[in-house]
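Here the structure comes first, spelled out in structure tokens, and everything after it is commentary.
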Amino acid sequence: DQQVKQNSPSLSVQEGRISILNCDYTNSMFDYFLWYKKYPAEGPTFLISISSIKDKNEDGRFTVFLNKSAKHLSLHIVPSQPGDSAVYFCAANFGNEKLTFGTGTRLTIIP
Amino acid sequence: DAGVIQSPRHEVTEMGQEVTLRCKPISGHDYLFWYRQTMMRGLELLIYFNNNVPIDDSGMPEDRFSAKMPNASFSTLKIQPSEPRDSAVYFCASSFGGRGVGETQYFGPGTRLLVL
């Protein structure tokens, strides 16, 4: 039972445009959400997070939006750069250190 | 800091053989996690430790998998006997936790396991 879902396995975006990665979750107990980025042959690295008491968190070119009623979050990257090409994992957590990850979305930025 | 260290980086073995994956967490971190990455299921948490004690092993697939953390700087994940369906990338991660929220986990580079 996949509690965190990333329904788009891949996404291609032109350099300079906006990249939008989506994530849905089913467990209403989740109260903290994170995005990780993964390059080939490396481990995932933390990118940005958001608490359930907020609906937006911004860090430079990266913004995460949370819609609790829809159980949906998204990651916006503006403007997209070639170095953003990677696999992005959405993750969720409640009350402890355990993270539940999605299956990932491979983002390709086209120069 | 060197980050989370995993060894070996690649492992090719034959079905039925024992496989041992190793992990050294970041010094001072009190949580250690073992994950498995596959195309179909993404990143799955297998087990995690707090202060060397296993807290949740509900993700361990079956009895063929076992994990230990004999001290704060070393952990192993063992598969015995290995099967082709165990082929995946295995990640170790560590964090300094305790707030009960998703503290940032730092991942190692992973071990790519192929069971023939």
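Here the protein sequences line up with chains D and A, keeping their order.
End of the first sequence = 1124 in our numbering, gap-free, step of one.
End of the second sequence = 388 in our numbering, gap-free, step of one.
Think of the CB as a built atom: it goes at the ideal place given N, C-alpha and C, for glycine as much as any other residue.
Chain-ordered residues of the region 1097 to 1114 of chain D with a beta carbon less than 9 Å from chain A: Taking a C-beta cut-off of 9 Å against chain A, the contacting residues of the region 1097 to 1114 of chain D are PHE1102, ALA1104, ALA1105, ASN1106, PHE1107, GLY1108, ASN1109, GLU1110, LYS1111, LEU1112, THR1113, PHE1114, listed in chain order.
Which residues in the same chain as SER367 (chain A) place their Cβ atom closer than 7 Å to its Cβ, once the five residues preceding and following it in sequence are excluded? For this step, residue 367 (chain A) is matched to residue 95 along the second sequence. Leaving aside the five residues that flank SER367 (chain A) on each side, the residues in its chain whose CB is nearer than 7 Å to its CB run, in chain order, HIS301, TYR303, GLU375, THR376, GLN377, TYR378.
Determine the extent of the beta strand (DSSP E) in which GLN1027 (chain D) is found, giving its start and end residues. In the first sequence, the residue the question calls residue 1027 (chain D) occupies position 14. 1023 to 1027 is the span of the beta strand (DSSP E), which, as asked, contains GLN1027 (chain D).
Which of the residues in the region 1051 to 1066 of chain D, read from start to end, lie with their CB under 9 Å from any CB of chain A? Going along the region 1051 to 1066 of chain D in chain order, one finds LYS1051, ALA1054, GLU1055, GLY1056, PRO1057, THR1058, PHE1059, SER1062, SER1064 with a Cβ nearer than 9 Å to chain A.
Along chain A, which residues have their Cβ under 7 Å away from the Cβ of GLY1117 (chain D)? Here residue 1117 (chain D) refers to the residue found at position 104 when the first sequence is read from its first residue. Close partners of GLY1117 (chain D) in chain A (Cβ separation under 7 Å): GLY314.
Nonlocal neighbours in the same chain, by C-beta distance under 8 Å from PRO400 (chain A), ignoring five residues either side: Lying outside 273 to 388, the shown extent of chain A, residue 400 (chain A) is not represented and no answer is given.
With 16 other Cβ atoms within 10 Å as the buried cut-off, status of GLN278 (chain A): On the second sequence, position 6 is the one that residue 278 (chain A) refers to. The residue is buried, with at least 16 neighbouring Cβ atoms inside 10 Å.
Report, in whole angstroms, the separation of the C-beta atoms of VAL1017 (chain D) and PHE1114 (chain D), which I expect to be a contact under 8 Å. The residue you call residue 1017 (chain D) lines up with position 4 of the first sequence. The residue you call residue 1114 (chain D) lines up with position 101 of the first sequence. Indeed they touch by this definition, with Cβ atoms about 6 Å apart.
Three Cβ pairs or more, each shorter than 8 Å: is that satisfied between the region 1023 to 1041 of chain D and the region 330 to 348 of chain A? When C-beta atoms of the region 1023 to 1041 of chain D are compared with those of the region 330 to 348 of chain A, fewer than three pairs fall below 8 Å, so the two segments do not count as touching.
Can you find at least 3 beta carbon pairs, one from the region 1054 to 1065 of chain D and one from the region 1078 to 1091 of chain D, that sit closer than 8 Å? By the Cβ test, the region 1054 to 1065 of chain D is in contact with the region 1078 to 1091 of chain D, since at least three Cβ pairs between them sit closer than 8 Å.
Of all Cβ atoms in chain D, is any one closer than 8 Å to the Cβ of PRO381 (chain A)? Within the second sequence, residue 381 (chain A) is the residue found at index 109, counting from 1. The beta carbon of PRO381 (chain A) sits closer than 8 Å to some beta carbon of chain D.
Can you have a look at MET341 (chain A) and say buried or exposed, based on whether 16 or more other CB atoms are within 10 angstroms of its CB? The count along the second sequence starts at 1 and reaches residue 341 (chain A) at position 69. That one is buried.
Which value, in whole angstroms, describes the spacing of the CA atoms of PRO1092 (chain D) and ARG1074 (chain D)? Translated into the one-based positions of the first sequence, residue 1092 (chain D) becomes position 79. Translated into the one-based positions of the first sequence, residue 1074 (chain D) becomes position 61. A straight line joining the alpha-carbon of PRO1092 (chain D) with that of ARG1074 (chain D) spans about 7 Å.
Beta strand (DSSP E) containing LEU386 (chain A): first to last residue? Counted from its first residue, the second sequence places residue 386 (chain A) at position 114. Unbroken beta strand (DSSP E) run through LEU386 (chain A): 383 to 387.
Close Cβ partners of SER1025 (chain D) (< 7 Å) along its chain, the five nearest in sequence each way excluded: Taking the first sequence and counting its residues from 1, the one referred to as residue 1025 (chain D) is at position 12. The residues are THR1121, ILE1123.
Please decide whether SER367 (chain A) counts as near chain E, where near means a Cβ-Cβ distance under 8 Å. The chain labelled as chain E is not found among the protein chains of the depicted structure, namely D and A.
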